[in-house]
Amino acid sequence: MKRLLTTFCCCVLLMLSGCQKELQVRFDSLYFFQNEEQLQAMKIDQDQLAQYSRNLQARVGKIMKKAQATSGNGYVVVAIRSDEEVAVWLDMAPVLHEYYEYEIIESIKKMRPPAVDHGILVFGIKMAIETAVHTPKAIPEPKAWIEAKKKVGDPDDIEQVVLSIWPEE
Numbered sequence: 001m002k003r004l005l006t007t008f009c010c011c012v013l014l015m016l017s018g019c020q021k022e023l024q025v026r027f028d029s030l031y032f033f034q035n036e037e038q039l040q041a042m043k044i045d046q047d048q049l050a051q052y053s054r055n056l057q058a059r060v061g062k063i064m065k066k067a068q069a070t071s072g073n074g075y076v077v078v079a080i081r082s083d084e085e086v087a088v089w090l091d092m093a094p095v096l097h098e099y100y101e102y103e104i105i106e107s108i109k110k111m112r113p114p115a116v117d118h119g120i121l122v123f124g125i126k127m128a129i130e131t132a133v134h135t136p137k138a139i140p141e142p143k144a145w146i147e148a149k150k151k152v153g154d155p156d157d158i159e160q161v162v163l164s165i166w167p168e169e
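Here the sequence shown is numbered in the UniProt record's numbering, starting from 1 and rising by one per residue.
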């Protein structure tokens, strides 16, 4: 009887552990919307940016750890102003559930960003959920940016595009 009860408990525990499957979130390369010269003019500290990127990846991974999502890939896009304000967009296919998108965005906004001397630093990090395949898109383009690019004078000026969506207060 003891053996049967022990076997039953082990089976139940195995079934429950299978229900708590953790999603695999993988990150790949960073895409900078500004060139090296522009980044130097903004006085971006490479070490601070690297640490920020690692912390961002850890936070997103923690949020997605217990999420229920289908496999997909895309970018997490971050804009950092010189006043240390941060904006975040996701460019994922398929689109991430709004709950997890909100959690990711709000968590990243609460992080202390690297210092930006002037202007707006804009970059994206490739992210894959439950797949080893990262997006084939060379450049991130969140949905909100598509309409914004049509409204600004120079759609290639990333600061204009970002400011049209995220104006300074």
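We treat Cβ as the ideally placed atom computed from N, Cα and C, and that holds for glycine.
query, result
"C-alpha gap between isoleucine 104 and glutamine 68, whole angstroms", "14 Å"
"Straight-line gap, aspartate 83 to methionine 92 (C-alpha atoms, nearest Å)", "28 Å"
"Length of the line joining the Cα atoms of threonine 131 and arginine 26", "8 Å"
"Nearest neighbour of proline 136, chosen from Glu98, Gly74, Glu22 [CA to CA]", "Gly74"
"Beta-carbon proximity of alanine 79 to tryptophan 166, cut-off 8 Å", "yes"
"Cα-Cα separation, histidine 97 to glutamine 38", "35 Å"
"Inter-residue Cα distance where the pair is cysteine 11 and tyrosine 52", "Low confidence applies here, because cysteine 11 scores a pLDDT of 46, under 50, leaving its location unreliable; read the following figure in that light. Whole-angstrom Cα-Cα distance: 42 Å."
"Pair within 8 Å by beta-carbon distance, glutamate 22 and lysine 66", "yes"
"Element boundaries [alpha helix (DSSP H), containing asparagine 73]", "Per DSSP, asparagine 73 belongs to no alpha helix (DSSP H); it is in the beta strand (DSSP E), 72 to 81."
"Buried/exposed call for valine 133, threshold 16 Cβ in 10 Å", "exposed"
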